[in-house]
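J.: Taking our numbering, the leading residue of the sequence shown gets 1, the next gets one more, and so forth.
Structure provided below as C-alpha cells; questions to follow.
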Amino acid sequence: MYKVKDIIAMANKLAPQNLAYAWDNTGIQIGELEQEVTGLLLSLDINEAVVDEAIAKNCQMIITHHPLIFRPLKKIKKEDQQGRMIYKIIANKINVFTMHTNLDKAEGGINDYLANIFGLTAVRDLRAEDDLMTEPGPGRIGSLDTEISLGGFLEMVKEKLKIEQLRYVGDLNTGVKTIAICSGSGADFISLAAAEGADLLLTGDIKYHQAQEAEVLGLGLVDAGHYQTEVIVKSLLYDYFNQNLPGLKLYKSELNTEPWNYLT
1 MYKVKDIIAM ANKLAPQNLA YAWDNTGIQI GELEQEVTGL LLSLDINEAV
51 VDEAIAKNCQ MIITHHPLIF RPLKKIKKED QQGRMIYKII ANKINVFTMH
101 TNLDKAEGGI NDYLANIFGL TAVRDLRAED DLMTEPGPGR IGSLDTEISL
151 GGFLEMVKEK LKIEQLRYVG DLNTGVKTIA ICSGSGADFI SLAAAEGADL
201 LLTGDIKYHQ AQEAEVLGLG LVDAGHYQTE VIVKSLLYDY FNQNLPGLKL
251 YKSELNTEPW NYLT
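Here you go:
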C-alpha cells in the first residue's frame, strides 16, 4: 500500500521540484502526506469534471501538469467554481499534486518524451553553447534520421499528436532535419532555435508577430497547440509510475480539457 508521500517521493525522482521556475507553483496543492492511495488519476489539467472522474474511479490522488492553484487565493467560496471544486476535493479526501515546469525541464520529462515520439536522435538541451547553467531548460533540439520536407513533417505531427489541423510557417517543400521542440508555449525559443541551427521549431501558443520573427529568421515553425503538445503528459506519467510503483491502480484521465473548439 502506498501513501501520498511515497508517490510524491517517486514523482520528485523524475522531476525534482527545484527545477521549477520561481514563478511556478508545483508540488502538493491539497493533501495529507500520510493518507493511503490505491488509485491515482493522471491529467493535464484539473477542473470539476476531472475531480468527478477521480471520485468515480475511486482515486485518492490526482497528479496534474497544470497547477490547481497558480496565483495565491484570496478567498475560497463554495459559491464560485474554483471554491466549489476545492470543497469537493477536500470533502472526498482527494490529494492534488502538480508537476509543471519541473517536468518540462527534467531529463526524461515531457520534452524528452516529445522528442522520442518524433524519433529525434542526439537530443540535447536547447541552449546557447556559452550558456553556463547546469540545470536543464525546457527546450530540446535533435535530429531526424533522414531529412524530410516540411510538408512531410507536418503530416507526421498530425499523425503522432492526433491533430487534424496545424498552423505553420515555411515552404512545404523545404527540407527539415534538425528539429527544436518546446511543449506548451515556446515562442521565446524562436531566435535561439534559429541560432542553434534548427530547421524548425515545434511548439504551441504562437502569436502573429512571433510567427513573423520565425519567417524573417528562415526558421520553420509549427504551432501544434498548447494542449496537443502537452496532453502526452498522461502517457508519460502512466508509463513512469507503472514501472516504479507496482500494484498502484493508475488511470489516464479520459476527459478532453482543451478549451478551444475548431470549425472545419
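The C-beta atom is built at its ideal place from N, Cα and C for all residues, glycine as well.
It should be emphasised that the depicted structure is a prediction, and the values quoted were computed from it without experimental measurement.
For Asn95, which of helix, strand or coil comes out of DSSP?
T.: In the structure shown, Asn95 sits in a strand (DSSP, three-state: E or B).
J.: Looking at the structure shown, is Met10 part of a helix, part of a strand, or coil, going by DSSP?
T.: Helix, per DSSP.
J.: Taking the DSSP output, what are the residues bridged to Leu266?
T.: There is no way to answer for residue 266, as the model of the chain reaches only from 1 to 264.
J.: Among the residues of its own chain, which have a CB less than 6 angstroms from the CB of Leu200, if the five just before and after it don't count?
T.: Here the set comprises Val176, Ile179 and Gly220.
J.: Hey, out of Ile110, Leu154 and Ile86, whose CA is closest to Leu44's CA?
T.: Nearest of Ile110, Leu154 and Ile86 to Leu44, Cα basis: Ile110.
J.: CB Ala224 to CB Leu192, shorter than 8 angstroms?
T.: Not closer than 8 angstroms, so no.
J.: Classify Met99 as buried or exposed, calling it buried when 16 or more other Cβ atoms lie within 10 Å of its own Cβ.
T.: Buried: at least 16 other Cβ atoms inside 10 Å.
J.: What residues match up with Tyr168 in a beta bridge as DSSP calls it?
T.: Paired residue(s): Val222.
J.: Which of helix, strand or coil does DSSP assign to Asp145?
T.: Of the three classes helix, strand and coil, the one that applies to Asp145 here is strand, per DSSP.
J.: Using a Cβ-Cβ cut-off of 7 angstroms (strictly less than) and excluding sequence neighbours within five positions of Glu230, which residues of its own chain qualify?
T.: These residues qualify, in order along the chain: Leu44, His65, Ile110, Ser183 and Gly184.
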